[in-house]
Amino acid sequence: MPDFEPPEPVPEPAVGEVADAAVDEAPATATEAPAAEPEPARRDLRALWRRIRVPAIAFAVGVVVAVAGSIAAGVVQDRTRHDDVVAAIDAYVAAIESDGDRTAATGQTPSLDDAVASSVLLYASIRIAVPPQVVCDEPRIGADLALVDCRVRVQGRIEPTTIALEHTDMGWTVARGLEVPVRIQSGALLVDAVGGVPLDEDVARGERAVWLLPGRYDVDAHAPAQLAVQVDGLVVSPSGGAVRWESDTAATVDADVRAAALAFVDACAAAPADGCPVIQDRDPVEPFEAFAVVGRIALDDRYAMTYDVSVRRPVEQPSEFLLITVRVDFGEDLDRYDVAVVPTS
């Protein structure tokens, strides 16, 4: 067998050498084309954008900042107006709820219409016995007008009302407050003074109304000698005002009213006439009995009291019942005492 020598191993090229060799061995290509130049119109647009984008961004940011600033300023302004209105309402309500003199509250309200009622008591040093309690909601604010819904509590009774404010050079002021026109007249009772302030005769007799704030006022009054009167005071609420009082008639008044009613039905039974009630014919004639007397006051019938007298017969087993009306007139000066039956219509 012949001898032979294996061929010399060819050394492997390094990695870099392989890449270089591959590059060196790559066939030559045609003349390489230069990089394409951008079109002229596109170059102009890019240049224009580079020139305007920074100012445009700055302008947009400025607009956003300006709008945000305007909104913030509006919010601050609205909050300031709200706070000013609330402060004006709080001051007005605090003055009304305070004990004693009402001058502070009255001074915040413009002149009231004297054609509707007199302001004399508002601007006098009138005292209030029991101030009201006032609770108000959030105001509804317009350009120069604000409205506030409130609830006024007087003597355990709650009534709604609305306060109006207007914006002037002096700020927010009360344009329409809680003042109420009140006619101080209460039947067979004459009020001489309210809250320590004497009344003019036309006011005392209810011929002219007066402006008053809500609350309960003490009153000085006089009544006919035949009545025992207990006066609770003048109570004013948003819906109006009235003097509250109770009375007990003297025993002589009750007896006189009963006697007048019985004399009337006896006369009608004996000789029926116009104004008499329908009375049953009875033989022999049986007397009536007055078993109930109820007095009442009508505001349209000043200085008098009216009594409803219930009569019946026979006394032992009543079968006939009548209601007779008797009027007691005390006169304009409460110094008269006339008892008369009101004929049946």
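When you line the sequence shown up against the UniProt record's numbering, it's residues 1 to 345, in that order. Every residue gets a Cβ at the ideal spot worked out from N, C-alpha and C, and that includes glycine.
- In terms of Cβ geometry, VAL148 and CYS136 form a close pair [threshold 8 Å].
- Secondary structure within the segment 172-226: the alpha helix (DSSP H) runs of 4 or more consecutive residues, fully enclosed, are 201-204 (chain order).
- DSSP places GLU97 in the helix class (H, G or I) of the three-state scheme.
- For GLY241, DSSP records a beta bridge to VAL236.
- If you draw a 10 Å sphere on the C-beta of GLY171, you find fewer than 16 other C-beta atoms in it, and that means exposed.
- Contact annotation: TRP245 and SER118 have beta-carbon atoms that are not nearer than 8 Å.
- Between GLU286 and the set LEU299, VAL315, PRO272, ASP301, the nearest pair of CA atoms involves VAL315.
- Excluding sequence positions up to five before and after LEU322, its CB lies within less than 8 Å of the CB of VAL265, PRO277, ILE279, PHE288, SER310, VAL311, ARG312, all in the same chain and listed in chain order.
- Membership of ARG258 in the alpha helix (DSSP H) is indicated by the continuous run 251-270.
- In terms of Cβ geometry, LEU190 and LEU299 do not form a close pair [threshold 8 Å].
- The three-state secondary structure of VAL339, taken from DSSP, is strand.
- Rounded to the nearest angstrom, the Cβ distance from GLN185 to ARG205 is 6 Å, consistent with a contact under 8 Å.
- Per DSSP, the unbroken beta strand (DSSP E) holding PHE321 starts and ends at 320-329.
- DSSP places ARG302 in the coil class of the three-state scheme, outside both helix and strand.
- In the DSSP assignment, LEU145 falls within the beta strand (DSSP E) that extends over 145-154.
- VAL339 and VAL326 have their C-alpha atoms some 7 Å from each other.
- Annotated three-state conformation of TYR123 is coil, per DSSP.
- HIS222 counts as exposed, since fewer than 16 other beta carbons sit within 10 angstroms of its beta carbon.
- Nearest Cα to VAL293 within the set VAL253, CYS268, ALA271: VAL253.
- Comparing alpha-carbon positions, the option among ASP274, ALA269, GLY275 lying closest to ASP281 turns out to be ALA269.
- The beta carbon of ASP200 sits closer than 7 Å to no other beta carbon from its chain once the five residues preceding and following it are set aside.
- Around the beta carbon of ALA263, fewer than 16 other beta carbons sit within 10 angstroms, so the residue counts as exposed.
- The C-beta separation of ARG151 from PRO160 comes to about 6 Å, placing the pair in contact by the 8 Å criterion.
- Here PRO132 is buried: its Cβ has 16 or more other Cβ atoms, across all protein chains shown, within 10 Å.
- Of all alpha-carbon atoms in PRO139, ALA290, LEU122, the one lying nearest the alpha-carbon of GLU179 is that of LEU122.
- In this structure, the alpha-carbon of GLU320 lies about 15 Å from that of ALA261.
- Rounded to whole angstroms, ALA250 and SER125 show a C-alpha spacing of 37 Å.
- Restricting attention to ALA143, ALA290, GLY177, VAL236, the CA atom closest to the CA of VAL194 is found in VAL236.
- In the DSSP assignment, CYS136 falls within the unbroken beta strand (DSSP E) covering 133-136.
- Across the structure, ASP202 and LEU165 are spaced so that their CA atoms are roughly 32 Å apart.
- Between ARG81 and ILE158, the CB-CB gap reaches or exceeds 8 Å.
- Here the alpha carbon of ASP248 sits roughly 9 Å from the alpha carbon of GLN230.
- A straight line joining the alpha-carbon of ILE297 with that of GLN226 spans about 15 Å.
- The alpha-carbon separation between ARG216 and PRO343 amounts to approximately 40 Å.
- The beta carbon of THR306 sits closer than 8 Å to those of GLY295, ARG296, ILE297, ALA298, THR325, VAL326, ARG327, VAL328, VAL342, all from its chain and outside the five residues before and after it, given in chain order.
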